[in-house]
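**Q**
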Amino acid sequence: VAALEEFLARRGGPLLRAAALLGGGPEAGEDLLQAALERMLRHWDRVEGDPEGYLRRTIYHLAADGWRRQRRWRERLPLLQGPDRGIVPDPSAQVDQRDELFRLLLQLPPGQRAAIVLRYWEDLSEAEAAQVLGCSLGTVKSAASRGLARLRELGGTPPAAPACQEGTMQR
Amino acid sequence: MNTGIEELRERMEHATAGIAVPGGLARRAARHRRRKIMTKAAAAAGTVVVVAGAAIAATTAAAPHEGGTIAGTRLVSDIRSALDAAAAGDDVVHAQALNGSADLWFYGGAQERVSRVEQFSAPGQPSVDQGSAATPATFTHTVVSYRSKTWSMSTGKVDLIRRQPGAQTSCATATGLIFFMQDPATLTADIREALSCGELTNEGTVRVDGVSAIKLVSVLSSPQVGGATFVRTTTLLVNPATYLPMRWLVSTTLTQRGGQASHAELSYEISWLPSTRANLASLQVPIPAGFTRVSPKAQS
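Protein chains in written order, with the numbering used here: chain W, 658 to 828; chain L, 29 to 328.
1) Out of L/THR263, L/VAL259, L/THR229, L/ASN267, point me to the one whose CA is closest to L/ASP237's CA.
2) What runs of the alpha helix (DSSP H), each 4 residues or longer, lie entirely inside the segment 273-324 of chain L?
3) Could you spell out the range, first to last residue, of the alpha helix (DSSP H) harbouring L/GLY159?
4) What does L/ILE242 pair with, by DSSP beta-bridge criteria?
5) Quick one: what does DSSP say L/LEU248 is sitting in, helix, strand or coil?
6) Examine chain W for any beta-carbon lying closer than 8 Å to the beta-carbon of L/ASP112, and answer yes or no.
7) Give the residues from the segment 261-286 of chain L that approach chain W closer than 8 Å (Cβ to any Cβ), ordered along the chain.
8) Taking C-alpha atoms, which residue in L/VAL253, L/VAL142, L/SER180, L/GLU231 lies nearest to L/ALA326?
9) Measuring CB to CB, does W/ALA666 end up less than 8 Å from W/ALA677?
10) Beta-carbon of W/GLU783 versus every beta-carbon of chain L: anything under 8 Å?
11) Just curious, the alpha helix (DSSP H) that W/ASP688 is in, first and last residue?
12) Starting from W/LEU805, trace the alpha helix (DSSP H) both ways and give me its first and last residue.
13) Short check: CB of W/VAL774 to CB of L/ALA58, under 8 Å?
14) Quick test of your reading: L/LEU126 and L/SER295, contact by CB under 8 Å. State the CB separation rounded to the nearest angstrom.
15) Could you check whether the Cβ of L/ALA43 sits closer than 8 Å to any Cβ belonging to chain W?
16) By DSSP, does L/SER143 sit in helix, in strand, or in coil?
17) So L/PRO50 contacts chain W; which residues on that side make the cut at Cβ distance below 8 Å?
18) By a C-beta neighbour count over all protein chains shown, 10 Å radius and 16 as the cutoff for buried, is W/GLY681 buried or exposed?
19) Please look up how many angstroms separate the CB atoms of L/TYR135 and L/VAL120, rounded, as I've assumed it's under 8 Å.
20) Does DSSP put L/VAL49 in a helix, in a strand, or in coil?
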């Protein structure tokens with residue numbers, strides 16, 4: 658554990674920042690990283706000298722689990738709302754830019770969010786991102802492209818060019 | 029130059045600037061893992077204590093340490109881990125006032141939250157029933173008044189994400205915040221903070237309705253205008269098998285300069301329930317037939 662603490666002090670920062678983007682904020686990111694550490698401790702024999710790679714993959718996979726829970730939550734939400742489900746946004750409410758980005762990312766489906774963070778935060782190639790996520794190159798291309806388009810729709814960051822320049826989106 | 033992508037990268041950089049790994053994270057993960065193994069083993073052996081129902085007066089035969097001690101690191105860690113697991117595990121929190129004056133339900137966390145607070149004028153006679161549902165962007169708040177036979181609903185936009193659990197909590201405010209019942213994630217964060225700050229002392233093991241519990245106490249004393257003194261004592265009784273709070277007691281005493289004192293107490297039985305359809309349904313605020321809808325202002 659002491660060695661792991663030392664490793665985190667050296668290399669944990671980028672992992673935690675990615676986890677924060679995936680989880681929706683610093684606190685959620687910390688929880689995600691802790692959960693990944695627990696899993697790594699459980700499967701220490703599988704780490705094979707690359708704790709950073711293992712942790713990164715685990716963070717993305719656990720984040721997908723969390724997102725699946727959120728989807729279940731959203732399915733339940735109508736059960737919990739009152740008789741009048743009309744929501745009237747209050748235009749006077751403001752959020753700062755930092756939280757605004759977390760909020761926008763949280764509105765993306767899990768695959769798209771993971772692809773966006775891997776490609777444009779971690780700066781991985783599509784092939785590398787596909788390897789981390791354990792999916793095909795086409796899936797990453799499609800997810801990143803759709804994610805950027807969705808961010809544009811949500812009023813986040815308007816991409817000036819498609820994310821997957823060398824390929825077309827797959828369904 | 030793809031300026032859109034560059035802008036996204038800059039915003040990600042800005043959003044995550046200053047985020048650093050807190051010391052002790054690996055140790056915390058190791059402890060959490062050990063605790064999960066122990067809990068599984070206990071469950072397998074059939075020794076997990078089931079919190080008994082709702083006997084009102086807690087017959088606490090206290091056996092406190094002399095003067096109490098700051099809650100030990102291991103205990104703090106175990107409670108924090110249990111709270112984290114409960115918050116992440118989709119639990120519904122049910123808190124029932126032991127005097128029958130209120131029934132509280134909470135569900136959700138940083139992203140979405142639902143709560144319901146039902147107040148009673150007499151056992152079984154509701155006076156006010158309030159429910160809130162919030163997502164990162166919006167909220168709805170429903171209030172049913174049994175006194176005026178009216179109900180109202182307000183909706184709006186809310187910056188829920190900004191209040192990441194515990195994010196705004198400081199040592200100075202943690203014990204103040206845990207006075208209020210909240211959704212599992214926020215409740216968890218505030219108790220965690222109070223524990224981390226050493227604001228809770230370990231008073232040893234007590235018996236509650238025949239069940240062992242760890243007693244944690246926080247005392248907050250503050251001088252008031254005119255020489256009065258306000259003292260609030262918050263007691264958490266923690267299930268030693270699950271490390272989750274099972275009782276929540278708050279007592280307040282306002283003592284005037286002349287020695288005249290007024291005292292109030294609140295006690296809740298806390299249950300951590302699976303998010304079954306039935307438990308989720310308890311979070312809904314029913315609108316009784318014949319009640320009139322009015323504006324929220326008319327009810328305030």
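We put the beta carbon where it would ideally sit given N, CA and C, even for glycine.
**A** For this structure:
1) Counting from one through the second sequence, the residue named residue 237 of chain L turns up at place 209. For L/ASP237, the nearest C-alpha among the options comes from L/ASN267.
2) Within the segment 273-324 of chain L, the runs of alpha helix (DSSP H) that reach at least 4 residues and sit entirely inside it are, in chain order, 305-309.
3) Mapped onto the second sequence, residue 159 of chain L falls at position 131. Membership of L/GLY159 in any alpha helix (DSSP H) is not indicated; the residue belongs instead to the beta strand (DSSP E) covering 153-162.
4) Along the second sequence, read from residue 1 onward, the residue named residue 242 of chain L stands at position 214. The partner list for L/ILE242 (beta bridge, DSSP) reads L/THR233, L/VAL266.
5) Position 220 of the second sequence, counting from 1, holds the residue named residue 248 of chain L. Strand at L/LEU248.
6) As a first step, residue 112 of chain L is located in the second sequence; it is residue number 84 there, counting from the start. Judged by the 8 Å Cβ criterion, L/ASP112 is in contact with chain W.
7) Contact annotation: in the segment 261-286 of chain L, no residue has its CB less than 8 Å from a CB in chain W.
8) Here residue 326 of chain L refers to the residue found at position 298 when the second sequence is read from its first residue. When only C-alpha atoms are compared, the closest one is L/SER180.
9) The count along the first sequence starts at 1 and reaches residue 666 of chain W at position 9. The count along the first sequence starts at 1 and reaches residue 677 of chain W at position 20. Result no, Cβ atoms of W/ALA666 and W/ALA677 do not sit closer than 8 Å.
10) If you number the first sequence from 1, residue 783 of chain W lands on position 126. Answer no: the Cβ-Cβ gap between W/GLU783 and chain L never drops below 8 Å.
11) Indexing the first sequence from 1 puts residue 688 of chain W at position 31. Taken as a continuous stretch (DSSP letters only), the alpha helix (DSSP H) holding W/ASP688 covers 683-699.
12) Indexing the first sequence from 1 puts residue 805 of chain W at position 148. W/LEU805 -> alpha helix (DSSP H) spans 794-810.
13) For the purposes of this step, residue 774 of chain W is taken as residue 117 along the first sequence, with counting starting at 1. For the purposes of this step, residue 58 of chain L is taken as residue 30 along the second sequence, with counting starting at 1. For W/VAL774 and L/ALA58, no; Cβs fall outside 8 Å.
14) Within the second sequence, residue 126 of chain L is the residue found at index 98, counting from 1. Within the second sequence, residue 295 of chain L is the residue found at index 267, counting from 1. Yes, they are in contact, since the Cβ atoms of L/LEU126 and L/SER295 sit about 4 Å apart, within 8 Å.
15) Stepping through the second sequence from its first residue, residue 43 of chain L is reached at position 15. Answer yes: the Cβ-Cβ gap between L/ALA43 and chain W drops below 8 Å somewhere.
16) The count along the second sequence starts at 1 and reaches residue 143 of chain L at position 115. Here DSSP, grouped into helix, strand and coil, assigns L/SER143 to strand.
17) For the purposes of this step, residue 50 of chain L is identified with residue 22 of the second sequence, where counting begins at 1. Correct list: GLU687.
18) For the purposes of this step, residue 681 of chain W is taken as residue 24 along the first sequence, with counting starting at 1. By the C-beta density criterion, W/GLY681 is buried, having at least 16 other C-beta atoms within 10 angstroms.
19) As a position in the second sequence, residue 135 of chain L is number 107, starting the count at 1. As a position in the second sequence, residue 120 of chain L is number 92, starting the count at 1. That belief holds up - the Cβ atoms of L/TYR135 and L/VAL120 are roughly 5 Å apart, short of 8 Å.
20) As a position in the second sequence, residue 49 of chain L is number 21, starting the count at 1. Of the three classes helix, strand and coil, the one that applies to L/VAL49 here is coil, per DSSP.
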